[in-house]
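Engineer: Shown below is the structure under consideration.
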């Protein structure tokens, strides 16, 4: 069956930065599944009407439509059970906790670092929409939310257990990457794609892990276009 | 075979507060294993010489001697594989990450909150030893390390993903507690045993989870002596 991923794009259609889409792309690469992407922009709500959803990622696999990045990862584990990414039972439960850490402690810190770069990476026609929706969510202007120095401090604190674990194992999930690695990588790839701001110190084990993650699965992420290529 | 746990005690021999011993006690309770404890105090190094180790927990199971709380939990999973606490493979890997979070982000915050109460809970003959070793480790006096207000702020931040997950499931590991719950509970039980300082707000899902944890396995922890009983 043909797999299609609706994937957020920026001012260049090849610039793909959504952290939630990156998790799914890495899960697809992990399972060695072929797929095509449809470049999607923030306001193209009608293009997702078939999924009864208003944001990406949306994945179609033949007649099956799945929305929400974590639900897509779970779907892929059910439909293609070899090489699980999330697992089941207590493995799944423990990666659900890790998802909370990524979304509530790490991603907000990254947002403070890259928000203004992110605005620049977005298509000009989407910037007013992005500003309006995000400023309503945060109750502050994007310029007020932007605070790279404070963001880096928060990020460093949130990554303390990640750095410690990456001294013990090559990847968070062991000798090879899986779900926990993809959840964290999605958010870090988002920041890396839109911004040249430093995220972690070069000596931090997270930096070496990120470099490894760019190379895994035939450099599925390392080959992607970033703001450096524009 | 008879199982014996060497377990840190305080100024009353029945006061047991080591976070690392509490993890093991909960793992033993989880597996329904009978065991006896040997009350041990900080300076009784010779009592552990048989284990070639100088701190607790130390567990003996017949002729088997196991040191280090996490290694003991792993041993129990191998020797008594029904009802795993840590699991294996990616489950084990993910709980190893959670251990890092507990030890590096949560326990240090708790220490700032309860350190002076902890000093009071320790046997008078051990207080000079405790002060000397901990002040050397932190490079500061215990009084300088003590900062309950800052500790509570750090704890709240570190518990953000825990609170979020506990809105989704009764326990961190799902509908019933296991390894991740015991790792976090060990540290929170340590603080709760020696101190009446508030740790989290009553409305925080972590508060309700802690109350549940006191009740599980026939109130294995809820029946334990705390500073409130002295």
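Residue numbers (UniProt numbering), protein chains in the order written: chain A, 1 to 230; chain B, 1 to 230. Every residue gets a Cβ at the ideal spot worked out from N, C-alpha and C, and that includes glycine. Remember, it's a predicted structure, so these values are computed and weren't measured experimentally.
1) Does the Cβ-Cβ distance between residue 237 of chain B and residue 19 of chain B come in under 8 Å?
2) Taking the alpha-carbon of residue 160 of chain A as reference, which of B/126, B/137, B/119, B/105 has the nearest alpha-carbon?
3) Within 10 Å of its beta-carbon, does residue 203 of chain B have 16 or more other beta-carbons around it, so buried, or fewer, so exposed?
4) Between the alpha carbons of residue 101 of chain A and residue 127 of chain A, how many angstroms are there, rounded?
5) Could you tell me which residues DSSP pairs with residue 6 of chain A in its beta bridges?
6) Whose C-alpha, out of A/62, A/114, A/147, A/24, is nearest the C-alpha of residue 71 of chain A?
7) Once you ignore the five residues that flank residue 110 of chain B on each side, which residues in its own chain have a CB closer than 8 Å to its CB?
8) Compute the Euclidean distance between the alpha carbons of residue 108 of chain B and residue 139 of chain A, then round it to the nearest angstrom.
9) Output, in chain order, the set of chain B residues within a Cβ distance shorter than 9 Å of residue 180 of chain A.
10) When DSSP builds the beta bridges, which residues end up paired with residue 65 of chain A?
11) DSSP three-state call for residue 174 of chain B: helix, strand or coil?
12) Can you give me the start and stop residues for the alpha helix (DSSP H) that residue 80 of chain A sits inside?
13) Which runs of the alpha helix (DSSP H) spanning at least 4 residues fall entirely within the region 122-156 of chain A, listed in chain order?
14) Buried or exposed: which applies to residue 1 of chain B, given that a residue is buried once 16 or more other Cβ atoms fall within 10 Å of its Cβ?
15) Please work out which residues of its chain come closer than 6 Å, Cβ to Cβ, to residue 225 of chain A, disregarding the five sequence neighbours upstream and downstream, and give them in chain order.
16) Please look up how many angstroms separate the CB atoms of residue 245 of chain B and residue 214 of chain B, rounded, as I've assumed it's under 8 Å.
17) Would you mind stating whether residue 12 of chain A and residue 56 of chain A have Cβ atoms separated by less than 8 Å?
18) Using a beta-carbon distance below 8 Å, is residue 151 of chain B in contact with chain A?
19) Just reading off the alpha helix (DSSP H) that residue 185 of chain B is part of, what are its end residues?
20) Just mark residue 45 of chain B as buried or exposed, buried being the case when its beta carbon has 16 or more other beta carbons within 10 Å.
21) Does the CB of residue 164 of chain A have a neighbour CB from chain B at under 8 Å?
22) For the UniProt domain "GST N-terminal" (8-84) of chain B, enumerate the residues whose C-beta is nearer than 7 Å to any C-beta of chain A, in chain order.
23) Using a cut-off of 7 Å between C-beta atoms, extract the partners of residue 101 of chain B located in chain A.
24) Closer than 7 Å between beta carbons: that is the criterion. Which residues of the region 124-137 of chain B meet it against chain A?
25) Using a Cβ-Cβ distance under 8 Å, would residue 104 of chain B count as near chain A?
26) Flag this pair as yes or no: are the beta carbons of residue 94 of chain A and residue 169 of chain B separated by less than 8 Å?
27) Going by the beta-carbon positions, is the gap between residue 31 of chain B and residue 76 of chain B smaller than 8 Å?
28) I need the DSSP call for residue 32 of chain A, collapsed to helix, strand or coil.
29) Taking 8 Å as the threshold (beta carbon to beta carbon), is residue 172 of chain B in contact with chain A?
30) For residue 236 of chain A and residue 184 of chain B, I'd like the C-alpha separation in whole angstroms.
31) Does DSSP put residue 75 of chain A in a helix, in a strand, or in coil?
32) My output table needs one value for residue 225 of chain B: the three-state DSSP class, helix, strand or coil.
33) Do you know whose CA, among A/40, A/145, A/53, A/61, lies nearest residue 3 of chain A's CA?
Structural biologist: The short version:
1) Past the boundaries of the shown model lies residue 237 of chain B; chain B is included only from 1 to 230, so the question cannot be answered.
2) On the first chain, position 160 is the one that residue 160 of chain A refers to. The shortest Cα separation from residue 160 of chain A among B/126, B/137, B/119, B/105 belongs to B/105.
3) Along the second chain, one-based indexing puts residue 203 of chain B at 203. That one is exposed.
4) On the first chain, residue 101 of chain A is found 101 positions in, with the first residue counted as 1. On the first chain, residue 127 of chain A is found 127 positions in, with the first residue counted as 1. Here the alpha carbons of residue 127 of chain A and residue 101 of chain A stand approximately 28 Å from one another.
5) On the first chain, residue 6 of chain A is found 6 positions in, with the first residue counted as 1. In DSSP, residue 6 of chain A forms a bridge with A/38, A/58.
6) Residue 71 of chain A sits at position 71 when you count from the first residue of the first chain. Among A/62, A/114, A/147, A/24, the Cα nearest to that of residue 71 of chain A belongs to A/24.
7) In the second chain, residue 110 of chain B corresponds to position 110, counting from 1. Closer than 8 Å at the Cβ level, and outside the excluded window around residue 110 of chain B, lie 151, 155, 187, 188, 190, 191, 199.
8) For the purposes of this step, residue 108 of chain B is taken as the residue at position 108 of the second chain. For the purposes of this step, residue 139 of chain A is taken as the residue at position 139 of the first chain. C-alpha separation (whole angstroms): 32 Å.
9) The sequence position of residue 180 of chain A within the first chain is 180, counting from 1. Those within 9 Å of residue 180 of chain A in chain B are 90, 93, 94, 97.
10) Translated into the one-based positions of the first chain, residue 65 of chain A becomes position 65. Partner(s): A/60.
11) Residue numbering aside, residue 174 of chain B sits at position 174 when the second chain is read from its first letter. Here residue 174 of chain B sits in strand by DSSP.
12) Counting from one through the first chain, the residue named residue 80 of chain A turns up at place 80. First-last for residue 80 of chain A: undefined, no H or E at that position.
13) Listed in chain order, they are 127-138, 142-145.
14) The residue given as residue 1 of chain B occupies position 1 in the second chain. By the C-beta density criterion, residue 1 of chain B is exposed, having fewer than 16 other C-beta atoms within 10 angstroms.
15) As a first step, residue 225 of chain A must be located in the first chain, where it is residue number 225. Counting only Cβ-Cβ distances below 6 Å, and skipping sequence neighbours, we find 14, 15.
16) It is not possible to answer for residue 245 of chain B, since the shown part of chain B is limited to 1 through 230.
17) The residue labelled residue 12 of chain A in the question sits at position 12 within the first chain. The residue labelled residue 56 of chain A in the question sits at position 56 within the first chain. No. Outside cutoff.
18) The residue given as residue 151 of chain B occupies position 151 in the second chain. Output row for residue 151 of chain B: interface = no.
19) Taking the first residue of the second chain as position 1, residue 185 of chain B is located at position 185. First-last of the alpha helix (DSSP H) with residue 185 of chain B: 179-194.
20) Along the second chain, one-based indexing puts residue 45 of chain B at 45. It counts as exposed.
21) Against the first chain, residue 164 of chain A aligns to sequence position 164. Cβ-Cβ to chain B under 8 Å: yes for residue 164 of chain A.
22) none
23) Working through the second chain from its first residue, we reach residue 101 of chain B at position 101. Under the 7 Å cutoff, chain A gives 161.
24) none
25) Here residue 104 of chain B corresponds to residue number 104 of the second chain, with the count starting at 1. Closer than 8 Å: yes.
26) The residue given as residue 94 of chain A occupies position 94 in the first chain. The residue given as residue 169 of chain B occupies position 169 in the second chain. By the CB criterion at 8 Å, residue 94 of chain A and residue 169 of chain B fall outside the cutoff.
27) Position 31 of the second chain, counted from the first residue, corresponds to residue 31 of chain B. Position 76 of the second chain, counted from the first residue, corresponds to residue 76 of chain B. A contact, by the Cβ cut-off of 8 Å.
28) Along the first chain, one-based indexing puts residue 32 of chain A at 32. Here residue 32 of chain A sits in coil by DSSP.
29) For this step, residue 172 of chain B is matched to residue 172 along the second chain. Yes - at least one Cβ of chain A is within 8 Å of the one on residue 172 of chain B.
30) Here chain A covers residues 1 to 230 and nothing more, so residue 236 of chain A does not appear.
31) Position 75 of the first chain holds residue 75 of chain A. Helix at residue 75 of chain A.
32) Translated into positions along the second chain, residue 225 of chain B becomes position 225. It is coil, neither helix nor strand.
33) Counting from one through the first chain, the residue named residue 3 of chain A turns up at place 3. Out of A/40, A/145, A/53, A/61, A/61 has the C-alpha closest to the C-alpha of residue 3 of chain A.
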